[in-house]
Structure formats: C-alpha cells, structure tokens
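Number of protein chains: 2
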Amino acid sequence: MKISELSAETGVSVPSIKYYLREGLLPAGVAVATNQADYGEAHIRRLRLIRALIDVGELPVASVRNVLAAVDSERTSLHDAFGSVMHSLDAGSHVVDADVDAAVVEVRRWIRHRKWAVEATAPATRMLAELIVTLRRFGFPAQMNEFDRYADQIFPSCEFGVEYARAMPDRTVAVETMVVGTVVYERAFAEIRRLALEAASARAHVRARATRPRGTIRRSGVAPVLRGPIGRDAPG
Amino acid sequence: MKISELSAETGVSVPSIKYYLREGLLPAGVAVATNQADYGEAHIRRLRLIRALIDVGELPVASVRNVLAAVDSERTSLHDAFGSVMHSLDAGSHVVDADVDAAVVEVRRWIRHRKWAVEATAPATRMLAELIVTLRRFGFPAQMNEFDRYADQIFPSCEFGVEYARAMPDRTVAVETMVVGTVVYERAFAEIRRLALEAASARAHVRARATRPRGTIRRSGVAPVLRGPIGRDAPG
DNA sequence: CGTAAATAGATAGTGCTACTATCCACTTGT
DNA sequence: ACAAGTGGATAGTAGCACTATCTATTTACG
Numbered sequence: 000m001k002i003s004e005l006s007a008e009t010g011v012s013v014p015s016i017k018y019y020l021r022e023g024l025l026p027a028g029v030a031v032a033t034n035q036a037d038y039g040e041a042h043i044r045r046l047r048l049i050r051a052l053i054d055v056g057e058l059p060v061a062s063v064r065n066v067l068a069a070v071d072s073e074r075t076s077l078h079d080a081f082g083s084v085m086h087s088l089d090a091g092s093h094v095v096d097a098d099v100d101a102a103v104v105e106v107r108r109w110i111r112h113r114k115w116a117v118e119a120t121a122p123a124t125r126m127l128a129e130l131i132v133t134l135r136r137f138g139f140p141a142q143m144n145e146f147d148r149y150a151d152q153i154f155p156s157c158e159f160g161v162e163y164a165r166a167m168p169d170r171t172v173a174v175e176t177m178v179v180g181t182v183v184y185e186r187a188f189a190e191i192r193r194l195a196l197e198a199a200s201a202r203a204h205v206r207a208r209a210t211r212p213r214g215t216i217r218r219s220g221v222a223p224v225l226r227g228p229i230g231r232d233a234p235g
Numbered sequence: 000m001k002i003s004e005l006s007a008e009t010g011v012s013v014p015s016i017k018y019y020l021r022e023g024l025l026p027a028g029v030a031v032a033t034n035q036a037d038y039g040e041a042h043i044r045r046l047r048l049i050r051a052l053i054d055v056g057e058l059p060v061a062s063v064r065n066v067l068a069a070v071d072s073e074r075t076s077l078h079d080a081f082g083s084v085m086h087s088l089d090a091g092s093h094v095v096d097a098d099v100d101a102a103v104v105e106v107r108r109w110i111r112h113r114k115w116a117v118e119a120t121a122p123a124t125r126m127l128a129e130l131i132v133t134l135r136r137f138g139f140p141a142q143m144n145e146f147d148r149y150a151d152q153i154f155p156s157c158e159f160g161v162e163y164a165r166a167m168p169d170r171t172v173a174v175e176t177m178v179v180g181t182v183v184y185e186r187a188f189a190e191i192r193r194l195a196l197e198a199a200s201a202r203a204h205v206r207a208r209a210t211r212p213r214g215t216i217r218r219s220g221v222a223p224v225l226r227g228p229i230g231r232d233a234p235g
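See below:
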C-alpha cells in the first residue's frame, strides 16, 4: 500500500501521515526503493489508533508517543502496558496543595476499602483528589462514599472489557483494543451522562413550571448561545 | 477587593485576570477611579468557575465565554441555560460520514426508548454516534443496549444533581452549580473508571499468571514509559 | 509630603503545538 | 516521455492562551 492509499483508507492527509512518521508515532513502511515504501494493515490500525487518541482522548502528540511505546514494548506484560497507558492518559502538572494531599489520603483509603489493586503511583488517584477538592470549594459535600454505587456498577463492565481485550489473538491487538476501549467508552459514558442530565433537567423544568402561573418562564427550547452582558462585542 | 487580592484569593495571576477581563469572561469591577476598580465575591466565584471549565473541562476560552453568557442571560430559564452549557461543552467540528448518520438514527431511537426529553439539536447525540462508529471500526460490537444498564444507574444521580442545583437560592448560583457539577463529576467518574480498569486488569493479570509456568512474565509493577522501537531518539 | 508600588487599559510579543508547505532527487504508471 | 507521486528534509504557519510592556494615573507608606 502506498502512502496515498493509506491516506485514502484512513482519512488522514499525506502530510499528516508524514508528520506522524517523523514524530515516531507511526513506524516506517517497508522500503521498496529510495522513494517508495510499502504500508500494511498494521499501519491502518495504528493510524486509526493515533487519531482515536488525539481526537477522542484529546492526548497531545507527545503522550500518544508514550502510549504507543508502551503498546509496542514486547517485553512488557499486557497489564503493565495497560498501566503505562493509564499513566500517560492522566499525565499533567499537579498543583501543590495541602487540601489535595489530604484528599489523596481519603481516595487511597477508599481504594483500599474497595480492595482494588491500584499502583501507588497511579495518577488517577491524585486527579480524583483534585476533583474532590474542587467540588468542595464550590460547596459540594463530595464524600468518597458517594462513588460507591457507581464503582459497584462500573467494575464488572471494566472486567468484561479487560477480558474482551485479553482474548485477542495477538498481543499488540490486545493492547490496542484495551486502549481504544478505555478512551472511547470513557467518552461514550460521558456523553450518555450529558444526555441524562439534559433529560433530568427537562423533567425538573416541566415539574417546576406546573407549580407556577403560566407565562413566567420561556416556553421555547434550549436557548441559543447568546452574548450576555459580559460579551465582548455588541450583538450584531 | 483589589485585583491583586482577587489574584491572591484565587491563585490566578493578575495578567491572566486582565486577560479574562479583556476576553469578556469576567465582568469588570466597580470603577472607583480611572485606575481603580472594586471586585467582590461574585468575581471570586466566577474566576473559580472559569478555571474549572478550563482546567477540568478543558474548554477553550471561546467556549467558556459562551457558557458564561448562558449563565448570565437572566431571560433564560434554568433549564435553557443549562442546555446552552451542554451544547457549548460538546461544540466541535463534525465529520460528514454516512456511518455516523446511520448511528445518529440509532442513538435517537435509543433516547426515545429511554423516554428522555433531549433536544433534537443536542450535540451529544452526534458525538455519541461518532463514538459508536469508532468502536465498530475497531471491531467492537457496540450496540446501544449495552448502555442501558449504565443509563439506568446514572439517571437517578443526574436527577439528584439537578435538584441539588435548583435548590440554590440564587439563579446564577444555581446555574453555576449545575455547570460545575456537570463538568467536575464527569471527570471524577472517568477517573474512577480508570481506577476500576486498572484494578480489573490487575486481577486478570494475576489470574493469568497463576495458570502459566513461573517466570514467563515480568513481576515488576507498571512499566516505565519507554521509548519503544518507533521512538524518536535513542535511549539516553 | 514625597515617592515607590499598584492599577486600568491598551498594544504588542511569546511559547507552544500540530500541522502545512516547499524542496529535492528520484520512480512509477500511462 | 513525462506528469504525477514518493520519501526525506527543512522551513513556515495558524491558533491559542497567555505575558510583557507601556502610559497615565492613584494610592499606600515612611
């Protein structure tokens, strides 16, 4: 397969493919001549994975490189490769904050209570702690036991996902499946939650309207995105 | 409160605050002199909201402006304001793709089946459709009924969140609460799912090891992020 | 009172990221 | 034969989120 065919197959422009080659995200094709190389199925899969990580997972190119390095490191067990991926996903600078440190302790205790085998270095722990602190600063009670029900429900589906990926014939395909499943299902669950929130809001809205005199609330649908009082420009 | 105090209170640098003022994210303080303005509690809250949307929600500044415009638009009902926020969250360019169009129909049918009152224009619908298509391209079965269990579980918690926000005394505070709750809890759920995935992977790993001869798999913890065979530089 | 520091507001500049564009020396399909 | 495509290298660009600098004030402090 030529680079133009690879481009057509995946919808990624030729210059972008060249860029990914340069950046070491995509392995070079088999050189056929000084200016001719052959790409295969693995390149298509890899390119799709790159786009999924960038578009869906919103990972920077540098993180994608790290993730792919873990995927490709044959010496690494499936679990360890997956761990590397998780750590790359949550990479990012952390604040130094006493409240967060305290929340980290809470999160760790909760994880222990759940009997989850999670690395001490897992960045998700501190991420979650930061989120807890943010919620509290906005007045939310935000206790860890709020998440028990969710954890009870989500864990089996995670186990299923892990088994599904591990059942793949090829190690690389297994890791890729795990990575894609992690990133894409995560977004899918988020979108479903947004739909549920809109539905819940609609219900509450209708209920509230029923208890008020008619006409006190706009009857139209979702408001257009307006420039409010602090908008930069005057409405055209 | 002076701008330097506002900065100290929120941890946002004075130049950044000026930038947000310029960009219309933060309303100006009350002018006391040609070069003196007074900021209040609302500015602290607003600034925290801006940081939450940017840091946690990873929204671009332009989207933050739209979200805040909806928050501030007093003419808009709580539900409509929230709808605007949801739409801003999911803003982004969409691909033209027959597979996605077909998936949109599936998603819409599923939403109807759930009896969720969701605007036809809700971007989350198409987002979810795109994710479904991505999953299928990677070989996942990805049927909508997979999400029924999750939806059953998440909807009550969304209703609770909506009620919690609507119970706020002030309309602006109510919308702010809804926005923060949406964005921050979404991330929190994602982090918990990542922890659950790691735990599930660890379990599967241990189970698999028990059925293999000793020493065939590395015993260490999570692999360091290595430069694999396609890494750009040689290992230092 | 005098002076260093801070402030609002304006304009210009910076650092980073993820591409694009252009070149060149070749090779391939028609 | 020759336009179109290719690999490889180098340079340029667009957009974003700040950051820096400037001016004309005004205030806080010794």
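Going down the list, the sequences are from chains L and R. Using numbering that gives the first Met the number 0, the first residue of the first sequence is number 0, and each one after it goes up by one. Using numbering that gives the first Met the number 0, the first residue of the second sequence is number 0, and each one after it goes up by one. All C-beta atoms in this analysis are idealised placements derived from N, C-alpha and C, irrespective of residue type, glycine included. Model, not experiment: these values are computed from the prediction.
When you compare the CB positions of residue i and residue j, do they come within less than 7 Å of one another, or not?
| i | j | result |
| --- | --- | --- |
| R/G28 | R/D37 | yes |
| L/A195 | R/I153 | yes |
| L/V161 | R/S92 | no |
| R/R45 | R/L25 | yes |
| R/W109 | R/M143 | yes |
| R/M126 | L/E190 | yes |
| R/E197 | L/V117 | yes |
| L/R186 | L/V55 | yes |
| R/A128 | R/V103 | yes |
| L/T9 | L/I53 | no |
| R/M177 | R/A166 | no |
| L/I131 | L/A119 | no |
| R/F137 | L/V179 | yes |
| R/V106 | R/T133 | no |
| L/H204 | R/H204 | no |
Name the chain L residues whose beta carbon is nearer than 9 Å to that of residue i?
| i | result |
| --- | --- |
| R/V103 | None at all; the shortest Cβ gap to chain L is about 12 Å. |
| R/A173 | The premise fails here: R/A173 is roughly 11 Å from chain L at the closest Cβ pair, so nothing lies under 9 Å. |
| R/Y18 | Near R/Y18 there are no residues of chain L at all, since even the closest Cβ is about 12 Å away, more than 9 Å. |
What residues of chain R sit near residue i, judged by a beta carbon separation below 7 Å?
| i | result |
| --- | --- |
| L/Q142 | Those within 7 Å of L/Q142 in chain R number zero; the least Cβ separation is about 12 Å. |
| L/Q256 | No information on residue 256 of chain L is available, as it lies outside the stretch 0 to 235 that chain L covers here. |
Could you name the residues of chain L that residue i contacts, counting a contact when the two beta carbons are closer than 8 Å?
| i | result |
| --- | --- |
| R/S12 | Those do not exist, as R/S12 stays about 14 Å from chain L at its closest Cβ, beyond 8 Å. |
| R/G39 | What R/G39 touches in chain L: nothing, since even the nearest Cβ is about 15 Å away. |
| R/I53 | Residues of chain L passing the Cβ test: none, with the nearest at roughly 12 Å. |
| R/A187 | L127, L130, I131, L134 and F146 |
| R/V60 | Neighbours of R/V60 on chain L: none; closest Cβ ~11 Å, over 8 Å. |
| R/R261 | It is not possible to answer for residue 261 of chain R, since the shown part of chain R is limited to 0 through 235. |
| R/R165 | A203 and A207 |
Quick one: residues in its chain with C-beta nearer than 7 Å to the C-beta of residue i, no 5 flanking neighbours on either side, listed in chain order?
| i | result |
| --- | --- |
| R/S62 | S87 and A90 |
| L/G220 | A caution first: L/G220 carries a pLDDT of 44, below 50, which makes its placement in the model too unreliable to give a value. |
| R/V11 | L46 and R50 |
| L/R231 | Any reading at L/R231 must be qualified, since the residue scores a pLDDT of 43, below 50, and its modelled position is unreliable; no value is offered. |
| L/V182 | A51, L52, V55 and G56 |
Could you tell me which chain R residues have their CB closer than 8 Å to the CB of residue i, listed as they occur along the chain?
| i | result |
| --- | --- |
| L/S15 | Within chain R, no residue comes near L/S15; the closest Cβ sits about 15 Å away, beyond 8 Å. |
| L/E158 | A199, R202 and A203 |
| L/E162 | A203 |
By Cβ distance, which residues of its chain are closer than 8 Å to residue i, with the 5 residues on each side in sequence left out?
| i | result |
| --- | --- |
| L/Y184 | G160 |
| L/P14 | none |
| R/S3 | V13 |
| R/A7 | none |
Give the residues of chain R in contact with residue i, contact being defined as C-beta atoms less than 9 Å apart.
| i | result |
| --- | --- |
| L/T181 | R192, R193 and L196 |
| L/A201 | H78, G82, W115, A116, V117 and E118 |
| L/T176 | F137, G138 and F139 |
| L/I110 | L194 and A198 |
| L/E57 | E57 |
Within a Cβ cutoff of 6 Å, which residues of the same chain sit near residue i, ignoring the five residues on either side of it in sequence?
| i | result |
| --- | --- |
| R/S76 | none |
| L/P223 | Model confidence at L/P223 stands at a pLDDT of 42, short of 50, so the residue's coordinates are unreliable and nothing is read from them. |
| R/L58 | L52 |
| R/V99 | A128, E129 and V132 |
List, in order along the chain, the chain L residues whose C-beta lies closer than 7 Å to that of residue i?
| i | result |
| --- | --- |
| R/A123 | E190, R193 and L194 |
Q | Segments assigned alpha helix (DSSP H), at least 4 residues, entirely inside the region 53-134 of chain L | A | 60-71, 77-88 and 97-113
Q: Can you give me, in chain order, the residues of the region 73-93 of chain L that have a beta carbon less than 8 Å from any beta carbon in chain R?
A: R74, T75, S76, L77, H78, D79, A80, F81, G82, S83, M85, H86, S87, L88 and D89
Q: Taking only runs that begin and end inside the region 126-184 of chain R, name each unbroken alpha helix (DSSP H) of 4 or more residues, in chain order.
A: 147-165
Q: Quick one: which unbroken beta strand (DSSP E) runs of 3-plus residues sit fully inside the region 3-39 of chain L? Chain order, please.
A: 29-32 and 35-37
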